[in-house]
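A quick write-up on the structure given underneath.
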Amino acid sequence: MSIEKIVEQALQDGYLTPVMETEVGRICDTASELSIEEYMALDRLMGALLTGEVVAVPRKQFINVMEELVLTEAIAQVAEIEATSDQVLDVGDIAAYALNRLPPLYATTEEGAKYQRQRAKEELQELITQQVDTAIMQNQHRPDFGSERQAIRRGSGKDLFQQVSSLLQDYAPNFEPKSDLKSP
138 MSIEKIVEQA LQDGYLTPVM ETEVGRICDT ASELSIEEYM ALDRLMGALL TGEVVAVPRK
198 QFINVMEELV LTEAIAQVAE IEATSDQVLD VGDIAAYALN RLPPLYATTE EGAKYQRQRA
258 KEELQELITQ QVDTAIMQNQ HRPDFGSERQ AIRRGSGKDL FQQVSSLLQD YAPNFEPKSD
318 LKSP
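What the sequence shown shows, in the numbering used here, is residues 138 to 321, in sequence order.
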């Protein structure tokens, strides 16, 4: 998204979100030179922030304690497997798979995080271990598609048929349909 569009959205909504602020910063940091339009948009944003027309939404600091617990469990299990075999596993994929099947445990203070950790260790450790085990099994048995993997795009039925046909040709180039089927 461009600086101009971000400023336009902020003026329309009356809020500058942390995501919008980060994107403006990223654009400014990576651009070798800003255009006059971008400078004018930034000037409009600064003026709107100073007058209160646009309010900067503060960043709320919070963490999902479950991420920490799952990552710790995944690292321990993966290290054990990799130490006793020649397998190399993706800890990030394993943690993401398990996290998608576990409840989040958010906290906004250190006391809250400590409470969530203790609660999870007492009530959810077995479930965490089980989900990480399942994630590792899934990771071990998935095919390696490499960088050429592509998502199936939406479109007409004919387009989808062409995509599936092309996919089958890529992965089964030597497959020949049985020719003994008779045409009606």
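Glycine included, C-beta positions come from ideal geometry on N, C-alpha and C. Computed from a prediction, not measured in an experiment: that's the story for all the values here.
Nearest candidate by alpha-carbon position, reference V191, set Q146, M203, L226: When only C-alpha atoms are compared, the closest one is Q146.
Cβ-based neighbour list, E174, same chain, cut-off 7 Å, excluding 5 preceding and 5 following: Hits under 7 Å: E141.
Sub-8 Å separation of I231 and I265 beta-carbons: The answer is no: Cβ separation not under 8 Å.
Limits of the alpha helix (DSSP H) - the one that G249 falls within: Run containing G249: 247-260, per the alpha helix (DSSP H) assignment.
Start and end residues, alpha helix (DSSP H) containing E219: Here the alpha helix (DSSP H) through E219 covers 202-221.
Length of the line joining the Cα atoms of Q277 and Q262: Rounded to the nearest angstrom, the gap between the Cα atoms of Q277 and Q262 is 22 Å.
Straight-line Cα distance separating Q224 from R254: Cα to Cα, the separation comes out at about 31 Å.
Expected contact under 8 Å - CB spacing of V215 and L239 to nearest Å: For a cut-off of 8 Å, the C-beta gap from V215 to L239 is around 17 Å, too long to register as a contact.
Beta-carbon proximity of A250 to A244, cut-off 8 Å: For A250 and A244, yes; Cβs fall inside 8 Å.
contact_flag[the stretch 196-210, the stretch 162-180] where n(CB pairs < 8 Å) is 3 or more: Contact fails: fewer than three Cβ-Cβ distances are below 8 Å.
E190, enclosing alpha helix (DSSP H) - first and last residue: DSSP places E190 outside any alpha helix (DSSP H), giving it a letter other than H or E.
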